[in-house]
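Right, one structure below, let's go through it.
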Amino acid sequence: MGEPKHKRHTDTSKWFALQYRYAPYLFVAPFVILFAAFGCWPIIKSLILSLHTTNGPKDVVFSGLSNFRFLLADPDFHKAVGNTAEYAFWSVFLQLPLSLGLAILLSQKWLRGREFLRLAFFSPHLLGTVFVGVLFSVIFIPQYGLLNKVLHAVAGVPLDTKWLANPSLVMPALVLTALWMYVGFNMIYFLAALQAVDRELYDAAQVDGANGWQTFLAVTMPGIKPVAIFVLVMSTIGSFQLFELPYTMLGNGPGPDKAGLTVVMYLYQSGFVTGDLGYASAIGWTLALGVLVISLIQMKLTGAWKGSA
Amino acid sequence: MEGERMMKQRPLVIAGRGIAYVVLIVGAAIALTPMLWLLAATTKGPDDLFHYTFFAPRFSWFNFQDLFTTIPFLRHMMNSIFIASTVVCVQLFFSSLAGFALAKYEFKGKKVVMVLMLATMMIPNQVIMAPLYELIYRMGLVDTYLGLIIPGAVSVFGIFLFRQSILQVPNELLDAGRIDGCSELRLYWDIVMPVSRPMVGAFCLISFMGNWNSFLWPQIILHHSDRFTLPIALNQMVGLYSQQYGTLMAGTFLSVLPVVVLFLLLQKEFVAGLTAGAVKG
C-alpha cells in the first residue's frame, strides 16, 4: 500500500493524500464513539456501581464491598449458581458428545439424505430461545402435553407428570429443552471441523489397521481439536448466561422451590424488579469472573495454548 | 487379502450402517416433531386441540382469529421487523466500515481498539446491563425504540467477521482503484462491499436472528405494551392467556415464520458465517 500515484492536478492530489490519510480514522470513528459510550463506559461504571447500594437509577449510596459480602452469604445466589452450574454440566457432558456423535455420523461418505438430516437437526435452533420456551411450556403440560403423551405411550410414564411444577423435574425439563434446541447447532461446528480433517490421514489409519475408536482418537480428535475447544468454551459461557428458557417456561419466575433460578435471572430480578442496580452489577461481575476462570481452566486442561491450537 | 477382510466385515458394516440410519432417523424425528406439533396446534379449534395429538380432521382458523383480536399482534410484528432491520442495517454499515479500516490500514490507536474489543468480548453482556440502563435512563430513552437501537448498534462480533473477510481482498485491487482516482470511501462502496457479499448475507442473517429473538434488554427498556416486540408480547401472553394454548401456538408460529423463511433462503451463507470464526481462527 504505497502513496497514491495519481498526480494530475496539485489540488486534487493534495485532497487525495489527505483523505487517504484520514480515511481509517473516519471509518472507525462511528464505531469507536458508540463502543466507548455503550460498551466501555458501562463496564467501568458497573464496577463503580457494584460498590454502591441503589434503589432505581436515581438513589445511589456508596457501600464499599458490602454487595459482594452479602452475595457470598446470599442463599438465593447460591441456589442460582448451583442451578446454573448443573445446567452447564449437562450442556457440556451430554449435549456436546451428542453433537459430535451426530456430526461424525453425518460426515460418513456412504450416508444418503445428508442435507435433509443436517437441516432437520439444526432447525430447532431457528426458533430462538423465547419462542422455544413458550412452545415447550405447552409441550410440558400434564395430561395433554406432547411430551407426556409420547412418554406415556413409549415408556408408561404417568400422564400427569408435572414437569414444570415439580421442583425435581424442572432441571431435567430445562436440560431436555436445551438439548433439543442446541444439539444440532453445535453439530454444525463439528461438521465443519470434520470436513476440514485431511482425508489421507483416515486412509493411512485404515492401511495401518486401526479400528474405528483408534482412528477417532488418533486422527479425528486432533484434527478437530481447535474447533472442539471453541465449542466447549462458547457452550459453557452460553450455559452460564441461561435466562430466557427458564424465565418463559416457568411463567416469568424461578419456578417451584426456585428450581429454575439462574444467575442471570437473579441479576435481572435484583436489578430491574427490586431496583438495586448496584447488587445487580455485583452479580454481573461475579458471573464474569466465574466464567473467565472456568474458561481459562478449560483451555488449560484441553491444552488450547499448546501445539497447533 | 484386503478383499478377504472386507468380505468378513461386510455383515458387520451393513449392521453398523443400519444402526446409524435408525439413530439418525429417530433423532431427526425428535428434532422435527415439536415443530410439526406446533403447526398442527395452530390448525385446531379449542375443542380439537388436545383431543387429537397432531392434526384434527377439521381445519379451523379460530386460533389466528383469536390471536388478532386478543392482542395487537400485527403491531408487535411491525415493531419487531422495524427494530431488528434497523439494528441490522446500522450494525452492518458501522461494522463493515470499521472492519475495512482494521483490515486494510495502519493507523494510530489501531492496536488499542483491537485489544479493547477482544477484552469486552470476554465480558458477558449482562454485566453492563445495570449501568447501560442508567445511561439510557439519563438520556431519556427508556421505553423508546432508540433505547434498543442505539446500544444495539455496536457489534464487536460483526467487526471481527468483516475484518476477517476483508483481509482476503487483494491489496492490488484497492491500489488499482486508487490509481483510477477512487476515494477511500468509494473503494469501500464499489470494491470492498461487493467483494464481501457472501459475508454481508451471513452477517445480516445471524444478526437479524439475534435481534429478532432478543429478550432481556427489550424487556428492561420497553414498558408500554404498544411498543413490545414479539418475544416480549408472546412471553406476556403465557401469563395472561395461559389457558388459550391454541392462540399462543398461533402467535409462536407466526413469530418464528419470518426467521425460518429467511434462513431457508440464505442457508449456505449462514453456515459459512457461523463457522468462519471457529474454523479459520
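Chains as they are written, first to last, in my numbering: chain A, 134 to 442; chain X, 96 to 376. By construction, the Cβ of each residue, glycine as well, lies at the ideal position given by its N, Cα and C atoms. Predicted model, so just to flag it, every value in this text is computed and none were measured.
Pairwise C-alpha distance: residue j and residue i
i, j, result
"P289/X", "K199/X", "16 Å"
"F310/X", "S196/A", "31 Å"
"K375/X", "L131/X", "Low per-residue confidence applies at K375/X: pLDDT is 46, beneath 50, and the placement is therefore not dependable, though the value from the model is reported in the following sentence. Between K375/X and L131/X, the C-alpha separation is close to 36 Å."
"L282/X", "S175/X", "34 Å"
"K138/A", "I274/X", "With a pLDDT of 49 at K138/A, under the threshold of 50, the modelled position of this residue cannot be trusted; read the value that follows with caution. C-alpha separation (whole angstroms): 6 Å."
"F298/X", "Q276/A", "43 Å"
"S256/A", "A124/X", "12 Å"
"F168/X", "L162/X", "7 Å"
"W296/A", "A329/A", "41 Å"
"P230/A", "Q374/A", "21 Å"
"F168/A", "M212/X", "9 Å"
"L349/X", "F159/X", "9 Å"
"L235/A", "H185/A", "49 Å"
"G386/A", "A179/X", "26 Å"
"L307/A", "V225/A", "14 Å"
"T217/A", "V303/A", "12 Å"
"I357/A", "G247/X", "33 Å"
"F149/A", "G276/X", "8 Å"
"G388/A", "N299/A", "9 Å"
"I245/X", "A196/X", "22 Å"
"N319/A", "F222/A", "16 Å"
"L213/A", "L394/A", "As written in the sequence, residue 213/A is Ala, which differs from the Leu given in the question. Those two C-alpha atoms are separated by around 5 Å."
Residue environment, residue i, which counts as buried when at least 16 other CB atoms sit within 10 Å
i, result
"F160/A", "buried"
"S301/A", "exposed"
"T342/X", "buried"
"K391/A", "buried"
"P175/A", "buried"
"G204/X", "exposed"
"I177/A", "exposed"
"G113/X", "exposed"
"S441/A", "Low confidence applies here, because S441/A scores a pLDDT of 44, under 50, leaving its location unreliable and the question unanswered by this model."
"D341/A", "exposed"
"M354/A", "exposed"
"P326/X", "buried"
"I274/A", "buried"
"L133/X", "buried"
"L107/X", "exposed"
"Y220/A", "buried"
When the options are compared against residue i, the one with the closest alpha-carbon
i, options, result
"G449/A", "T187/A, A170/A, P163/A", "Limits of chain A in this structure are 134 at one end and 442 at the other, which puts residue 449/A out of reach."
"L334/A", "N319/A, L324/A, A351/A, A325/A", "A351/A"
"F257/X", "G296/X, S278/X, T342/X, E229/X", "G296/X"
"A378/A", "P291/A, M320/A, S403/A, V397/A", "Checking the displayed sequence, the identity of residue 378/A turns out to be Leu instead of Ala. Ranking the options by Cα distance to L378/A, first place goes to V397/A."
"A437/A", "F373/A, L375/A, P359/A", "P359/A"
"S240/A", "F323/A, F273/A, V193/A", "F323/A"
"G253/X", "V351/X, E229/X, L192/X, V333/X", "L192/X"
"M172/X", "V185/X, Q362/X, R322/X", "R322/X"
"Y129/X", "T217/A, G278/A, Q402/A, Y220/A", "Note that residue 129/X is Pro in the sequence shown, not Tyr. Among T217/A, G278/A, Q402/A, Y220/A, the Cα nearest to that of P129/X belongs to G278/A."
"R153/X", "I166/X, T138/X, T165/X", "T138/X"
"L361/X", "I316/X, M294/X, T347/X", "M294/X"
"L187/X", "Y116/X, V251/X, Q331/X", "V251/X"
"N306/X", "G261/A, K212/A, G215/A", "G261/A"
"N200/A", "D192/A, A413/A, V424/A", "A413/A"
"L236/X", "Q104/X, W312/X, T164/X", "W312/X"
"Q263/X", "V356/X, G194/X, V185/X", "G194/X"
"D192/A", "K433/A, D409/A, L425/A, A361/A", "D409/A"
Contacts of residue i in chain A (Cβ-Cβ under 8 Å)
i, result
"F189/X", "P163, F164, L167"
"N330/X", "V263, G266, V267, Y380, T381, N385"
"P129/X", "P257, L268, F269, I272, L279, W313"
Residue i: contacting residues in chain A (beta-carbon distance under 9 Å)
i, result
"P61/X", "Look at the range of chain X in this structure, 96 to 376, and you will see that residue 61/X is not part of it."
"T137/X", "Going along chain A, no residue has its Cβ under 9 Å from T137/X, so there is no contact; the nearest lies around 11 Å."
"S320/X", "Neighbours of S320/X on chain A: none; closest Cβ ~15 Å, over 9 Å."
"L236/X", "Result: empty, since nearest Cβ-Cβ is about 11 Å, beyond 9 Å."
Amino acids of chain X, ordered along the chain, whose beta-carbon sits closer than 7 Å to that of residue i
i, result
"Y153/A", "E279"
"W346/A", "By Cβ distance, chain X contributes nothing, its closest Cβ being about 13 Å from W346/A, past 7 Å."
"Y158/A", "F202"
"P305/A", "Simply none; closest approach about 16 Å."
Where residue i meets chain X, residues with beta-carbon distance less than 8 Å
i, result
"S270/A", "V333"
"S146/A", "Ordered by position in chain X, no residue passes the 8 Å Cβ test against S146/A, which lies about 10 Å from the chain."
Interface residues of chain A facing residue i [CB-CB closer than 7 Å]
i, result
"A271/X", "None at all; the shortest Cβ gap to chain A is about 11 Å."
"P246/X", "F171"
Chain D contact for residue i (CB, 8 Å cutoff)
i, result
"W312/X", "Looking for chain D here will not work: the only protein chains present are A and X."
Q) Counting pairs of beta carbons, one from the segment 210-224 of chain X and one from the segment 411-422 of chain A, are three or more of them closer than 8 Å? A) yes
Q. Does the segment 375-391 of chain A come close enough to the segment 266-273 of chain A to have 3 or more Cβ pairs within less than 8 Å?
A. Verdict: yes, contact present.
**Q.** Inter-stretch contact at 8 Å, needing at least 3 Cβ pairs: the segment 291-307 of chain A / the segment 341-348 of chain A
**A.** With the cut-off at 8 Å, the segment 291-307 of chain A and the segment 341-348 of chain A do not touch.
Q.
Check whether the segment 240-252 of chain X and the segment 261-279 of chain X are in contact - that is, three or more C-beta pairs closer than 8 Å.
A. no
(Q) Contact between the segment 110-124 of chain X and the segment 245-262 of chain A is defined here as three or more beta-carbon pairs at a separation below 8 Å; is this criterion met? (A) Touching, per the Cβ criterion.
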